[in-house]
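Asker: The listed protein sequences correspond, in order, to chains A and B.
Here the numbering used here is used: the first residue of the first sequence is 6, the next is one more, and so on.
Here the numbering used here is used: the first residue of the second sequence is 6, the next is one more, and so on.
Every residue, glycine too, gets a C-beta built ideally from N, C-alpha and C.
Here the structure is a predicted model, which is why all the values come from computation and not from measurement.
If you scroll down you'll find the structure; I have some questions about it.
There are 2 protein chains.
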Amino acid sequence: MRPKIRLYVDQPLDQGQSVVLTREQAHYLFGVMRQGVGDAVALFNGRDGEWRAEVADAGKRGGVLSCSAETKAQDVLPDLWLLFAPIKKARTDFIVEKAAEMGVRRILPVQTEFTNSERIRQDRLQAHAIEAAEQCGNTCVAEVAALARLEALLRDWPEDRQLVFCDEIEAEGAGSSALMGGLAVPGAVLIGPEGGFSEAERKKLRALPFVKVLPLGPRVLRADTAAVAALTLWQQAVGDWA
Amino acid sequence: MRPKIRLYVDQPLDQGQSVVLTREQAHYLFGVMRQGVGDAVALFNGRDGEWRAEVADAGKRGGVLSCSAETKAQDVLPDLWLLFAPIKKARTDFIVEKAAEMGVRRILPVQTEFTNSERIRQDRLQAHAIEAAEQCGNTCVAEVAALARLEALLRDWPEDRQLVFCDEIEAEGAGSSALMGGLAVPGAVLIGPEGGFSEAERKKLRALPFVKVLPLGPRVLRADTAAVAALTLWQQAVGDWA
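Put into structure tokens, the structure is as follows:
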């Protein structure tokens, strides 16, 4: 039977490998979830697949698990990033959770001209990405980057990575086969803030050689909806749904 | 200049038409938003397009607006329903909001074998759908139906409406052109609860002539993510993104 509890650990996983729990993990596993010596847990670390591990030692402030069998091979995700402008807390959390679920490799919060947020809690967003991976059974964990200015990111952009610009002003040809056919890997999807992009930003983005415009239909979508919609189209066209 | 405030009203809209506000709307418009006589508001009712209306009378418990010009023609949305199994409150709210944004006509909460919820607040969910339409500039409002048993809905299903069954166990061929080519209008998308569908439900659904199976990729998606992803694919293939 598959273990019901699934934990991300930042340690190597291999046959017979011992894994030392952090204080928080021990509290969760033994205190909250009432597990004890001999009980099985699923572990993943984002690189060594998923392992079944049994509790070898359980204490209030720590514990040790021992890996007994690989239960799932490591997924290799399509090389996709998501760039988004942070919005209200709940919706920002949601975007990170959704991107992690949908198999994005890197999540890059960006500051645009119309972005309200001056800061994000990178550690909290990273924890959301880990929790999404734990709950959805993914073996990969999206990496949340520090907040950066869009301008700076574009200046140092790796030119072989296509940047898919979801321009809400452009509604024609959304999801048309001509457009979808032009999507490429490695890729990145860029979602704007509430209020969209400035005229200067739109002009600049459209002039960059690695940018591709992808309209998202005739209705204005909120940023979190737009993110899931764009990631769906990408995964379907060139990602691992294709 | 476009009015910044956009309100849904359940009254006819036409040139010179007077619109009487409810007590709540008057409180919002005059109390919270500090509007007064002569100020302009955008109105829509889901059938007569969007109208610019000026405040003719403002009181504490009511008010009257007068329609002066049509600012947007009425949208006619592709005939799409969303059936979903209610989950936790915040995620249920989210699904309704997202479906309204994405242009679904009817939202039908369904009770499946693994659905936890025994009840929903239909009026609250309808208010969410209206708020999404107000904020996203839609002229249509999704109609939220009462909670019904999936079994009963299937028994009385209109046979000309394709039911797209998003089966999370089926991962192969997600978004493939063969599958996407088979989508049809009028349509409906069915999203399961956490824990998915029972074996009996899956078997029954797959045997129905109007059901089409649509896989949503290799990862398990939460219900709210799955809803947006499936609606994106549908709108792209046969809806108004096509």
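With 16 as the cutoff for other CB atoms within 10 Å, does Gln127 (chain B) come out buried or exposed?
Answerer: Gln127 (chain B) comes out exposed.
Asker: What is the DSSP secondary structure of Glu164 (chain A), counted as helix, strand or coil?
Answerer: Of the three classes helix, strand and coil, the one that applies to Glu164 (chain A) here is coil, per DSSP.
Asker: Using DSSP with H/G/I as helix, E/B as strand and the rest coil, what is Glu199 (chain A)?
Answerer: Note: Glu199 (chain A) maps to coil in three-state DSSP.
Asker: Do the region 72-88 of chain A and the region 40-56 of chain A meet, that is, are 3 or more Cβ pairs less than 8 Å apart?
Answerer: Touching, yes.
Asker: Is Met107 (chain A) close to chain B, meaning its C-beta is less than 8 Å from at least one C-beta of that chain?
Answerer: So, interface residue.
Asker: With the cut-off set at 8 Å, would you say Thr237 (chain B) and Leu238 (chain A) are in Cβ contact?
Answerer: Result yes, Cβ atoms of Thr237 (chain B) and Leu238 (chain A) sit closer than 8 Å.
Asker: Is the region 115-132 of chain B close to the region 186-206 of chain B, with three or more CB pairs under 8 Å?
Answerer: The region 115-132 of chain B is in contact with the region 186-206 of chain B.
Asker: I'd like to check one pair, Ala45 (chain A) with Arg28 (chain A): are the Cβ atoms closer than 8 Å?
Answerer: In this structure, Ala45 (chain A) does not lie closer than 8 Å to Arg28 (chain A) by Cβ.
Asker: Taking just the CA atoms, how far does Arg111 (chain B) sit from Val169 (chain B)?
Answerer: Going by the C-alpha atoms only, they are around 15 Å apart.
Asker: I need the boundaries of the alpha helix (DSSP H) containing Lys94 (chain B), first residue and last residue.
Answerer: Its alpha helix (DSSP H) spans residues 94-106.
Asker: Whose Cβ in chain B lies nearer than 7 Å to the Cβ of Asn249 (chain A)?
Answerer: Since the first and last residues shown for chain A are 6 and 247, residue 249 (chain A) lies out of range.
Asker: If you draw a straight line from the C-alpha of Glu106 (chain A) to the C-alpha of Arg224 (chain B), how long is it?
Answerer: Roughly 7 Å separates the two Cα atoms.
Asker: Is Cys72 (chain B) helix, strand or coil when you go by DSSP?
Answerer: Reduced to three states, the DSSP call for Cys72 (chain B) is strand.
Asker: State buried or exposed for Leu18 (chain A), treating a residue as buried only when at least 16 other CB atoms are found within 10 Å of its CB.
Answerer: Buried is the call here.
Asker: If we count the other Cβ atoms within 10 Å of its Cβ and call it buried at 16 or more, is Arg227 (chain A) buried or exposed?
Answerer: That one is buried.
Asker: How far does the beta strand (DSSP E) with Glu55 (chain A) in it reach, from first residue to last?
Answerer: Unbroken beta strand (DSSP E) run through Glu55 (chain A): 55-63.
Asker: I need the boundaries of the beta strand (DSSP E) containing Val216 (chain B), first residue and last residue.
Answerer: It spans 216-218 - the beta strand (DSSP E) in which Val216 (chain B) sits, taken as one unbroken run.
Asker: Keeping to the same chain, check which residues put their C-beta closer than 7 Å to that of Ala242 (chain B); ignore five residues upstream and five downstream.
Answerer: So the list reads Met185, Leu188, once near-sequence residues are dropped.
Asker: State yes or no: is the C-beta of Lys209 (chain B) nearer than 7 Å to some heavy atom of the ligand FMN?
Answerer: This structure lacks the ligand FMN, and indeed carries no ligand of any kind.
Asker: Closest to Leu85 (chain B) by CA distance: which of B:Glu156, B:Glu148, B:His32, B:Ser23 is it?
Answerer: Selected option, being the one with the closest Cα: B:Glu148.
Asker: When burial is assigned at 16 or more other CB atoms within 10 Å of the CB, is Val103 (chain A) buried or exposed?
Answerer: The sequence given here has Lys at residue 103 (chain A), not Val. Buried, because 16 or more other Cβ atoms sit within 10 Å of the Cβ of Lys103 (chain A).
Asker: Answer yes if the region 152-162 of chain B comes into contact with the region 129-139 of chain B, meaning at least three C-beta pairs across the two stretches below 8 Å, and no otherwise.
Answerer: Because the criterion of three Cβ pairs below 8 Å is not met, the region 129-139 of chain B and the region 152-162 of chain B do not touch.
Asker: Please report the straight-line C-alpha distance between Gly64 (chain A) and Val37 (chain A), rounded to a whole angstrom.
Answerer: Their Cα atoms are separated by approximately 13 Å.
Asker: Can you give the Cα-Cα distance for Thr144 (chain A) and Ala134 (chain A), rounded to whole angstroms?
Answerer: For Thr144 (chain A) and Ala134 (chain A), the distance between alpha carbons rounds to 12 Å.
Asker: Check each candidate in B:Ala247, B:Tyr13, B:Val233, B:Asp98 and name the one with the smallest Cα separation from Asp53 (chain B).
Answerer: Among B:Ala247, B:Tyr13, B:Val233, B:Asp98, the Cα nearest to that of Asp53 (chain B) belongs to B:Tyr13.
Asker: So, does the CB of Gln240 (chain A) fall closer than 8 Å to a CB anywhere in chain B?
Answerer: With 8 Å as the cut-off, Gln240 (chain A) counts as an interface residue toward chain B.
Asker: Determine, using beta carbons only, whether Gly230 (chain A) comes closer than 8 Å to chain B.
Answerer: For clarity, residue 230 (chain A) is Thr in the given sequence; the question names Gly instead. It does; some Cβ of chain B falls within 8 Å.
Asker: For chain B, check one thing: does any of its Cβ atoms lie closer than 8 Å to the Cβ of Asn50 (chain A)?
Answerer: No, no contact with chain B.
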